[in-house]
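Structure first, commentary second.
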Amino acid sequence: TNGAGKTTMAEILQGLRRADAGSARVVGLDPTTAGDRLRRRIGAQLQEAALPHRMRVGEALGLFASLHPAPRSLSELAAEWQLDELWDRPFRGLSGGQRQRLFVALALVGRPELVFLDELTQNLDPLGRRHTWDMVRRIRDGGTTVVLVTHDVEEAERLCDHIVVLDRGRVVADGTPASIVESLGATPTVRFTDADLDARTLWDLPGVATVKRHGPEISVTGTGPLLAHVGAHLVALARPALDLAVSRPSLEDCFVHLTQEITP
Numbered sequence: 005t006n007g008a009g010k011t012t013m014a015e016i017l018q019g020l021r022r023a024d025a026g027s028a029r030v031v032g033l034d035p036t037t038a039g040d041r042l043r044r045r046i047g048a049q050l051q052e053a054a055l056p057h058r059m060r061v062g063e064a065l066g067l068f069a070s071l072h073p074a075p076r077s078l079s080e081l082a083a084e085w086q087l088d089e090l091w092d093r094p095f096r097g098l099s100g101g102q103r104q105r106l107f108v109a110l111a112l113v114g115r116p117e118l119v120f121l122d123e124l125t126q127n128l129d130p131l132g133r134r135h136t137w138d139m140v141r142r143i144r145d146g147g148t149t150v151v152l153v154t155h156d157v158e159e160a161e162r163l164c165d166h167i168v169v170l171d172r173g174r175v176v177a178d179g180t181p182a183s184i185v186e187s188l189g190a191t192p193t194v195r196f197t198d199a200d201l202d203a204r205t206l207w208d209l210p211g212v213a214t215v216k217r218h219g220p221e222i223s224v225t226g227t228g229p230l231l232a233h234v235g236a237h238l239v240a241l242a243r244p245a246l247d248l249a250v251s252r253p254s255l256e257d258c259f260v261h262l263t264q265e266i267t268p
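In this note's numbering, the protein residues as written are 5 to 268.
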């Protein structure tokens, strides 16, 4: 959520802010004391205000490359992030998506082992968001670890192998998307329509936890291959169940549960 402490934590991990308590390690180094040793091994996306409006794309890339002992080839980097045709364009003339591509390229110019990307898709339209997601996947697939700071649960679920959920500075969940959902005891739900079926017969199926009827619609929750068991039961009874479907709680459902749980 906004105000959860995500950006503050990212700044602590980059050595830009000192923590009030506790300790941190990034690529094996203490951010509070590692200084340049840490900065040579990580990259970070800039916020928009960090670049002068008149600075050209090529100038920005050259400036940031000069800060690293073994920077990437600027021509290759510009081509990779579709900035070669924008080389002489000033920052103020870039669209939102073009600015994001430039910020990512600047973060990668020093060949970092790990890169921080903070609210990368904020204020982008749906097409821009999807293009940016593809960029993040390319970075990850290239072998660079990505720390993605976002309040967009769909974005986290699509892109992240491991998620830490923060609420008011507290870690309320830590694990893979699937493990976070499973940790809350979330179970699948099978729904179908059959006005005449005696729903009580479903209680005898393996793994069934609840059976509910709402008019002609019946919903069954439980564990294991629930859909297979319900489907086989209906076939055995020769019941023409309509709209048979299974749904699982999403990461967003779990996120809402976790962040509401500690709200006074």
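Glycine is no exception: its CB is placed at the ideal position from the N, C-alpha and C atoms.
Put Pro268 into one of helix, strand or coil per three-state DSSP.
The predicted model places Pro268 with a pLDDT of 32, which falls under 50 and marks its position as unreliable; any figure quoted below should be read in that light. Residue state, collapsed to three classes: coil.
Given 8 Å, three or more beta-carbon pairs between the region 59 to 77 and the region 131 to 150:
no
How about Met59 and Pro94: do their beta carbons lie closer than 8 Å?
yes
Taking the DSSP output, what are the residues bridged to Phe196?
Ile222
Excluding five sequence neighbours on each side, which residues of the same chain lie with their C-beta closer than 6 Å to the C-beta of Val157?
Leu255, Glu256, Phe259
Rounding to the nearest angstrom, what Cα-Cα distance links Ala38 and Leu121 in this structure?
21 Å
How is Thr263 classed by DSSP in three states: helix, strand or coil?
helix
How close, in whole Å, do the beta carbons of Leu128 and Arg105 come, if the pair is a contact with beta carbons under 8 Å?
Actually they are not in contact, since the Cβ atoms of Leu128 and Arg105 sit about 11 Å apart, beyond 8 Å.
Whole-angstrom Cβ separation of Leu231 and Val215, contact assumed at under 8 Å?
Not quite, the Cβ-Cβ distance comes to about 14 Å (not below 8 Å), so this is no contact.
Does DSSP put Thr11 in a helix, in a strand, or in coil?
helix
Please report the distance separating the alpha-carbon of Gly97 from that of Phe107.
15 Å
Run of the alpha helix (DSSP H) containing Val61, from where it starts to where it stops
61 to 69
When the Cα of Arg252 is compared with those of Val185, Asp198, Glu221, Val176, which residue comes out closest?
Val185
If I'm right that Arg45 touches Glu117 with Cβ under 8 Å, what's the distance once you round it to whole angstroms?
5 Å
Let me know if Gly114 comes out buried or exposed under the rule of 16 or more other beta-carbons within 10 Å of its beta-carbon.
buried
Give the straight-line distance between the Cα atoms of Arg133 and Leu152, rounded to the nearest whole angstrom.
14 Å
Could you name each continuous alpha helix (DSSP H) segment of 4 residues or more that falls completely within the region 94 to 181, going from the start of the chain to the end?
100 to 112, 130 to 145, 157 to 163
Just how far apart, CA to CA, sit Val61 and Thr125?
20 Å
Taking buried to mean at least 16 other C-beta atoms within 10 Å of its own C-beta, is His233 buried or exposed?
buried
For the 8 Å Cβ check, are there 3 or more pairs between the region 158 to 172 and the region 188 to 208?
no
DSSP three-state call for Asp247: helix, strand or coil?
strand
What does DSSP give as the partner residue(s) for Leu213 in the beta ladder?
The sequence given here has Ala at residue 213, not Leu. Paired residue(s): none; Ala213 is not in a bridge.
Should Leu85 go down as buried or exposed, given a rule of 16 or more other Cβ atoms within 10 Å for buried?
Reading the sequence as shown, one finds Trp at residue 85 and not Leu. With 16 or more other Cβ atoms within 10 Å, it is buried.
Beta-carbon within less than 8 Å of Ser222's beta-carbon, same chain only, minus the 5 sequence neighbours each way: which residues are those?
Correcting the residue identity first, residue 222 is Ile in this sequence and not Ser. Excluding sequence neighbours, Ile222 sits near Arg195, Phe196, Thr197, Asp198, Leu201, Ala203, Leu206, Val215, Lys216.
Straight-line Cα distance separating Ile16 from Leu262:
24 Å
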